[in-house]
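In my numbering, the protein residues as written are -4 to 878.
Built from N, CA and C at the ideal position, the CB exists for glycine as well.
Since we're looking at a predicted model, the values are computed, not measured.
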Ligand code: TRP
Ligand code: ZN
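Structure (structure tokens):
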């Protein structure tokens, strides 16, 4: 039937007329409006006639009325920019159908029907990288969250679970490999055309559908599960990349083993495929049995990948694999429940990485990410609870709040329950909800029941946004230490007058003279304020609080810097030790940047810091990876967060000055550290990784005090490097200093690695992150470079995310940095709206800045808002940021 001639409904016409007068805001979707879908779709058959420029999709859906929902005379099938070629109901004409916006609404009179829908797509024209798209000659899909509706008309919502059978037909020459979810049940080869049929026995929502067609090669291996089933494992890449897949495969096998041992979760298909794709909006995607990855999280060898890249691969491979249970076997009822799968899966990947390497260092890294990305979100115009209440575009809610704070919230449940009881809780969850589309409430109730906890008040962590501030005051009377705590959850957009939340705090009280404590304790602050008394202290102890970062809160206390120096040197909790070190530096940099300190007290505080770092350098009991953490300076962004009306130029100046003081006063110790580290040959051991971390850290201190001398050392490190960690570290240091070393090394790096896009991304990033005074001019020139393109998200991020995170460039007093990011957003929005919208939050920080910059940032947001045509993604982020 020819759908093009179907008349629009009167309603449809009115909407069209409205749209012509003025572009209207996309509708707000609200969590409390959830209703179950009127229809079930027990089976879905998809037939793909694949081609880069033309793909024809025939979808056959068995539908039946959902007894658990209100009956409806129609079925709404979501579409997004789709053209309907034909539609059949039970093999003939349908009783009625119409287009409502992008959706297809079909009248269905009986209780069960078969729908056949044909659509036609041009994957090569899909620059949004959602739905079916082309990447480097191959075809692949990305359906989460709402990409499936760009392939065919379907109830594209996570609570409609269906069993999929997929047929793929393609010219063998270009697409010798055809993959989809589940198991391959048939393969025909007529010499020219290849036909593959795949069947996934596990019912799933449409967002977990995937297919890949291309000229790919695999690293193949096997894993035997706890019940003795042999699973075939493949990592698919382009010819030539195979040697760089070993670490990904090893990470996958470790993930499978770990999930069996730690959560009792076994894999449930005979095949697990991973495919690496170079054009990808995010890190990776957990499609059932067919994970699709950004190449960045698959490919590694020592020559081209840093230690950080290796860790990232292990973490993301784990993350996607763990989704097989936390996400796929149990999925989300609606997208407001996103943290159900993402928060829990991030926690699972964090615990996995902790177990695979240094647990304290991993914890410090995770807290740094939370503070660097989530705290700013929570204190700005885009703040939302881990379970949001409303959205206009769900892609905007794949945030650090849903992911990383979501993980912290579940980690607190684990802390409150203890490891064993928590495991009982997760077992209860997996048992109870297997095969379902569940809610965060289902998860909390399972943990409550399984672990034997009362989480009534704890549920506030799901509904209240904002980082709680905990004020701490310790006094001493007679033989008692008295700890007074109070909490305040700040107002956030749409939420004020919040209730106190239960905050689990691990603490220890140190005897100042002995340097010891009588044991760590867990206290829970669940009132607005409370007093905790600890008898048995003849003298006032030193308080170590929020050890291990037991709660995602901001601790406010007046602690004398000699106590911080004491904790930095003696605390037996590595995280707390790191924290003391950071507090010492943050406190100084905040007051120095605000101009609160005279010359004399500035020097005294600098001396405290130098002394503390000096003792870290000398402490032989610390591992080098940890030493690197203890010696790291807090980021400029984090310092800015601590100041109202921050002036980035002054913070930059003070921070560089402190680096120079450390570099000068500790030059001898730093150089000794470097010489020791330099002796270790390359390996992936913790020891060798620690040594590499120290080398570049030492260079970054030395270059602040002695640019010439340190440049020479960095140039030597660059030239002699036999691995990317050393080479990139040296180049990073050189990129900040004007001179022949800089030009030579950048040119060498480019020539050495041209043809390797992931390494060329680093080349773009290093220049965009640089402290160089001309960083803005450099970024402008790089945007015109022949290797730059707005079509590839990795390349866009490598230049512009790096730049937007560089306060020195982005916050240039002229406002030029803000204008560049606004230009990028406007230019990228029509090409890749999802990626464009991710740059808006940087400008959304305008309220935190000093008045001059604040006005300049706002001006750019207004310029974007005034654009004639904006995507839903960017529209939502810009209006919320201005609001
Ligand atoms: N579920 C994916 C993950 O966390 C996230 C993801 C991958 C995604 N691609 C996406 C989310 C595209 C939105 C749009 O692992
Ligand atoms: Zn995820």
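State yes or no: is the C-beta of residue i nearer than 7 Å to some heavy atom of the ligand ZN?
{"i": "residue 436", "result": "no"}
{"i": "residue 314", "result": "yes"}
{"i": "residue 879", "result": "The structure shown does not extend to residue 879, since the chain is modelled only from -4 through 878, so no value can be given for it."}
{"i": "residue 309", "result": "no"}
{"i": "residue 281", "result": "yes"}
{"i": "residue 565", "result": "no"}
{"i": "residue 318", "result": "yes"}
{"i": "residue 257", "result": "no"}
{"i": "residue 340", "result": "yes"}
Quick one: what does DSSP say residue i is sitting in, helix, strand or coil?
{"i": "residue 374", "result": "coil"}
{"i": "residue 362", "result": "helix"}
{"i": "residue 37", "result": "strand"}
{"i": "residue 318", "result": "coil"}
{"i": "residue 293", "result": "coil"}
{"i": "residue 32", "result": "coil"}
{"i": "residue 133", "result": "strand"}
{"i": "residue 628", "result": "coil"}
{"i": "residue 870", "result": "helix"}
{"i": "residue 789", "result": "helix"}
{"i": "residue 732", "result": "coil"}
{"i": "residue 693", "result": "helix"}
{"i": "residue 594", "result": "helix"}
{"i": "residue 876", "result": "helix"}
{"i": "residue 675", "result": "coil"}
{"i": "residue 170", "result": "coil"}
{"i": "residue 356", "result": "helix"}
{"i": "residue 218", "result": "strand"}
{"i": "residue 813", "result": "helix"}
Using the Cα positions of residue i and residue j, report the straight-line distance between them to the nearest angstrom.
{"i": "residue 241", "j": "residue 291", "result": "14 Å"}
{"i": "residue 632", "j": "residue 802", "result": "7 Å"}
{"i": "residue 303", "j": "residue 312", "result": "14 Å"}
{"i": "residue 525", "j": "residue 129", "result": "59 Å"}
{"i": "residue 643", "j": "residue 251", "result": "45 Å"}
{"i": "residue 277", "j": "residue 285", "result": "16 Å"}
{"i": "residue 851", "j": "residue 806", "result": "10 Å"}
{"i": "residue 46", "j": "residue 263", "result": "32 Å"}
{"i": "residue 379", "j": "residue 373", "result": "7 Å"}
{"i": "residue 723", "j": "residue 699", "result": "18 Å"}
{"i": "residue 341", "j": "residue 314", "result": "6 Å"}
{"i": "residue 865", "j": "residue 824", "result": "7 Å"}
{"i": "residue 43", "j": "residue 173", "result": "11 Å"}
{"i": "residue 443", "j": "residue 27", "result": "23 Å"}
{"i": "residue 148", "j": "residue 828", "result": "21 Å"}
{"i": "residue 237", "j": "residue 421", "result": "37 Å"}
{"i": "residue 261", "j": "residue 220", "result": "6 Å"}
Am I right that residue i and residue j are in contact with their C-beta atoms under 8 Å? What's the rounded C-beta distance?
{"i": "residue 799", "j": "residue 816", "result": "6 Å"}
{"i": "residue 116", "j": "residue 38", "result": "So it is not a contact: roughly 22 Å between Cβ atoms."}
{"i": "residue 619", "j": "residue 685", "result": "3 Å"}
{"i": "residue 727", "j": "residue 761", "result": "5 Å"}
{"i": "residue 539", "j": "residue 571", "result": "5 Å"}
{"i": "residue 156", "j": "residue 200", "result": "6 Å"}
{"i": "residue 425", "j": "residue 446", "result": "The pair is not a contact, with the Cβ atoms about 14 Å apart (cut-off 8 Å)."}
{"i": "residue 32", "j": "residue 150", "result": "6 Å"}
{"i": "residue 484", "j": "residue 459", "result": "6 Å"}
{"i": "residue 323", "j": "residue 369", "result": "About 25 Å; that fails the 8 Å criterion."}
{"i": "residue 584", "j": "residue 563", "result": "Contact flag wrong, Cβ pair sits at about 16 Å."}
{"i": "residue 214", "j": "residue 193", "result": "Contact doesn't hold; Cβ gap of about 21 Å is too wide."}
Is the beta carbon of residue i within less than 7 Å of some heavy atom of the ligand TRP?
{"i": "residue 586", "result": "no"}
{"i": "residue 334", "result": "no"}
{"i": "residue 852", "result": "no"}
{"i": "residue 390", "result": "yes"}
{"i": "residue 718", "result": "no"}
{"i": "residue 386", "result": "no"}
{"i": "residue 284", "result": "no"}
{"i": "residue 278", "result": "yes"}
If you scan the segment 512 to 548 from start to end, which runs of the alpha helix (DSSP H) of 4 or more residues do you find wholly inside it?
none
In chain order, each beta strand (DSSP E) run of at least 3 residues that lies wholly inside the segment 85 to 134
91 to 95, 98 to 102, 107 to 116 and 126 to 130
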